[in-house]
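Numbering (the working numbering), first residue to last: 5 to 289. We put the CB at the ideal spot given by N, CA and C, even for glycine. Here's the structure, in structure tokens; my notes come after.
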């Protein structure tokens, strides 16, 4: 972690990060990761908080959590740690805002951004500095990963981007995939892997996840360009399906029957598609 002081435009912000008790977090990953869920939840929160701390400094970082172990760790690192009131994400953010003080510039940041780096967060905060109220949507454009302003009402949850925009916050469509890739299921975890995970989450996947995220080669078996869904044929003859979300995240424009792909598979569902020989993070020409 860098020990240099954050730029003034970033250090003017209080960053509030709500994190569920990691023993109960990431419920939509439970089937895929099983007993690794708590370990993975902790790692994702750790990478998010590490990036935020580097971006704004410990005195400007407010963690709201019901996880006593996580809270102790980050209190020791200088962050302000508040007990989660237990009444939902928006109430947790509101508690953090009150701690920052009336009229303070607050950036409410989701705690499930394992690809986040300090540079991406600083860029977003510098952009938000010129606006009274703003937010950064998630990669799908419907959720919110970062809400910035003074004395705002947080509206995180389903379709939060539309609700924040209706409140007058400016949508910041920034080209920052490390910030905009939040993780709550196997598909989004695969997307974050392609963007580039932080060290804590990467370590869990490398050491613990070989059983529930598999990478293999396969052949396109079926593809519907209208629905962007289809299936691939494993080399042992097993057919695996993929949904439009996996295709949309692939960067591919079309698939042809018989085309060879590298696929990532969780629970016999294809969650990642790549051209053979072109790995995660590499450009498709």
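Beta carbon of residue i, beta carbon of residue j: below 8 Å?
i, j, result
"residue 99", "residue 83", "no"
"residue 222", "residue 184", "no"
"residue 42", "residue 26", "yes"
Using the C-alpha atoms, what's the distance from residue j back to residue i?
i, j, result
"residue 139", "residue 258", "32 Å"
"residue 210", "residue 107", "43 Å"
"residue 133", "residue 73", "33 Å"
"residue 55", "residue 225", "41 Å"
"residue 113", "residue 17", "11 Å"
"residue 60", "residue 207", "25 Å"
"residue 276", "residue 251", "8 Å"
"residue 149", "residue 48", "14 Å"
"residue 254", "residue 234", "13 Å"
"residue 274", "residue 147", "23 Å"
"residue 136", "residue 241", "57 Å"
Helix, strand or coil for residue i per DSSP?
i, result
"residue 268", "strand"
"residue 91", "coil"
"residue 219", "strand"
"residue 274", "strand"
"residue 227", "strand"
"residue 251", "helix"
"residue 72", "helix"
"residue 41", "helix"
"residue 208", "helix"
"residue 79", "helix"
"residue 183", "helix"
Provide the residue(s) that pair with residue i in DSSP beta bridges, ordered along the chain.
i, result
"residue 19", "65 and 111"
"residue 279", "265"
"residue 244", "236"
"residue 195", "Beta-bridge pairing links residue 195 to no other residue."
"residue 103", "Answer is none; residue 103 lacks a bridge partner."
"residue 148", "141"
The stretch 145-161 contacting the stretch 77-96, beta-carbon criterion three pairs below 8 Å:
yes
So, does the stretch 164-171 touch the stretch 190-202, judging by three or more C-beta pairs under 8 Å?
no
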